[in-house]
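Sequential numbering from 12 applies to the sequence shown in my numbering. See below for the structure under consideration.
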Amino acid sequence: AVGVVDALTRAADRVTKDDLPYVYGGGHAQAGIASVGIKGPGYNGKRVGYDCSGSVAAVLSGAGLWPAGAGVPNDAGIISELRERGLIAPGAGTGPVEVTLYDDPGVHIFMNIDGRFFGTSDGGGGGNPRGGAGWLDDGAPDADSRTYRRYHVVSSALKQSTNAGHSVTFQVGQPRSEERRVGKECRS
Numbered sequence: 012a013v014g015v016v017d018a019l020t021r022a023a024d025r026v027t028k029d030d031l032p033y034v035y036g037g038g039h040a041q042a043g044i045a046s047v048g049i050k051g052p053g054y055n056g057k058r059v060g061y062d063c064s065g066s067v068a069a070v071l072s073g074a075g076l077w078p079a080g081a082g083v084p085n086d087a088g089i090i091s092e093l094r095e096r097g098l099i100a101p102g103a104g105t106g107p108v109e110v111t112l113y114d115d116p117g118v119h120i121f122m123n124i125d126g127r128f129f130g131t132s133d134g135g136g137g138g139n140p141r142g143g144a145g146w147l148d149d150g151a152p153d154a155d156s157r158t159y160r161r162y163h164v165v166s167s168a169l170k171q172s173t174n175a176g177h178s179v180t181f182q183v184g185q186p187r188s189e190e191r192r193v194g195k196e197c198r199s
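Take a look at the structure:
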């Protein structure tokens with residue numbers, strides 16, 4: 012088990028490493044899985060990627076804060092669901108370890124994970140040059156905009172440990188020559 016902030020960071024690292032383009036509606040069918048999305052910016056029916064809320068949900072699901080494989084609503088729906096579950100509260104995070112979601116309802120969402128911004132774009136050009144999901148290395152100028160509502164992950168959620176995003180593969184029994192090896196994968 013790892014801490015939630017470490018799991019969020021690892022999930023954001025994985026999404027960034029995938030270096031996928033921005034695709035409108037990408038990542039909405041199943042949280043944590045990039046997809047072709049729907050007609051809109053970046054969509055061509057073949058290209059796989061994430062949009063802003065799809066990428067944020069992918070990172071949240073990697074830490075157990077959003078159900079892995081569940082459908083993903085728009086940004087406002089993510090905020091509504093997380094508030095309903097008591098995982099976030101209004102206002103920016105404070106303290107030595109914090110996670111804040113920045114939401115311009117119906118327009119755009121991105122996040123700050125322990126001092127590092129993650130999202131698809133933020134207007135400053137500091138992320139993936141194709142607009143896709145990744146760490147934003149420009150200080151996320153939109154974070155200072157009054158347009159964005161801030162919500163922090165509550166400290167009780169951050170203090171938890173999680174097995175989300177970790178997979179364990181193990182061999183069951185002794186294989187016989189006539190039997191093929193059976194591997195089982197468990198995702199928590």
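We put the CB at the ideal spot given by N, CA and C, even for glycine.
(request) Count the other CB atoms, across all protein chains shown, that sit within 10 Å of the CB of Ser132; report buried if there are 16 or more and exposed otherwise. (result) In the sequence shown, the residue the question calls residue 132 occupies position 121. It counts as buried.
(message) Within 10 Å of its beta-carbon, does Arg192 have 16 or more other beta-carbons around it, so buried, or fewer, so exposed?
(response) Within the sequence shown, residue 192 is the residue found at index 181, counting from 1. Confidence in Arg192 is poor, its pLDDT being 26 and thus under 50, which makes the residue's placement unreliable; the coordinate value appears in the next sentence. Looking at its Cβ environment, which holds fewer than 16 other Cβ atoms inside 10 Å, Arg192 is exposed.
(message) Below 8 Å on the Cβ atoms is my contact criterion, and I expect Asp125 with Asp86 to pass it. Report the Cβ-Cβ distance as a whole number of Å.
(response) Reading the sequence shown from its first residue, position 114 is the one you call residue 125. Reading the sequence shown from its first residue, position 75 is the one you call residue 86. That pair is no contact at about 21 Å.
(request) Given a cut-off of 8 Å, decide if Ala68 and Gly48 are closer than it, judged by their beta-carbon atoms. (result) Here residue 48 corresponds to residue number 37 of the sequence shown, with the count starting at 1. Here residue 68 corresponds to residue number 57 of the sequence shown, with the count starting at 1. Against a cut-off of 8 Å, the Cβ pair of Ala68 and Gly48 comes out as no contact.
(request) Measure the alpha-carbon distance for Val110 versus Pro52 and round it to whole angstroms. (result) Counted from its first residue, the sequence shown places residue 110 at position 99. Counted from its first residue, the sequence shown places residue 52 at position 41. So the alpha carbons of these two residues sit roughly 28 Å apart.
(message) Contact defined as beta carbons within less than 8 Å: I believe Phe128 pairs with Ala144. What is the distance between those atoms, to the nearest angstrom?
(response) Looking up residue 128 in the sequence shown gives position 117. Looking up residue 144 in the sequence shown gives position 133. Incorrect: roughly 12 Å between the Cβ atoms, too far for contact.
(message) For the segment 75–82 against the segment 54–66, do three or more pairs of beta-carbon atoms, one drawn from each stretch, fall closer than 8 Å, so that the two count as touching?
(response) no
(message) Runs of 4 residues minimum, wholly inside the segment 64–146: which ones carry the alpha helix (DSSP H) assignment?
(response) 86–95
(request) Determine the DSSP secondary structure at Arg161, reduced to helix, strand or coil. (result) What you label residue 161 is simply residue 150 of the sequence shown in a count that begins at 1. Of the three classes helix, strand and coil, the one that applies to Arg161 here is strand, per DSSP.
(request) With a 10 Å radius around its C-beta and 16 neighbouring C-beta atoms as the bar for buried, classify Ser91 as buried or exposed. (result) Numbered from its first residue, the sequence shown carries residue 91 at position 80. Under this definition Ser91 is an exposed residue.
(request) Please work out which residues of its chain come closer than 8 Å, Cβ to Cβ, to Ser72, disregarding the five sequence neighbours upstream and downstream, and give them in chain order. (result) Residue 72 sits at position 61 when you count from the first residue of the sequence shown. Correct list, in chain order: Ala22, Ala42, Gly43, Pro78, Ala79, Gly80, Ala81, Ala175, Gly176.
(request) Using 10 angstroms around the beta-carbon of Asn55, count the other beta-carbons present and answer buried if the total reaches 16, otherwise exposed. (result) Against the sequence shown, residue 55 aligns to sequence position 44. Answer is exposed; the Cβ neighbour count stays below 16.
(request) Measure the C-alpha to C-alpha separation of Gly142 and Glu95 and round it to an integer number of angstroms. (result) In the sequence shown, residue 142 corresponds to position 131, counting from 1. In the sequence shown, residue 95 corresponds to position 84, counting from 1. The alpha-carbon atoms of Gly142 and Glu95 are separated by roughly 30 Å.
(message) With H, G and I counted as helix, E and B as strand and the rest as coil, what does DSSP make of Ser172?
(response) Reading the sequence shown from its first residue, position 161 is the one you call residue 172. Here Ser172 sits in strand by DSSP.
(request) Report the rounded CA-to-CA distance for Ala45 versus Arg25, giving the unit in angstroms. (result) Within the sequence shown, numbered from 1, the residue matching residue 45 stands at position 34. Within the sequence shown, numbered from 1, the residue matching residue 25 stands at position 14. Their backbone Cα atoms lie some 12 Å apart in a straight line.
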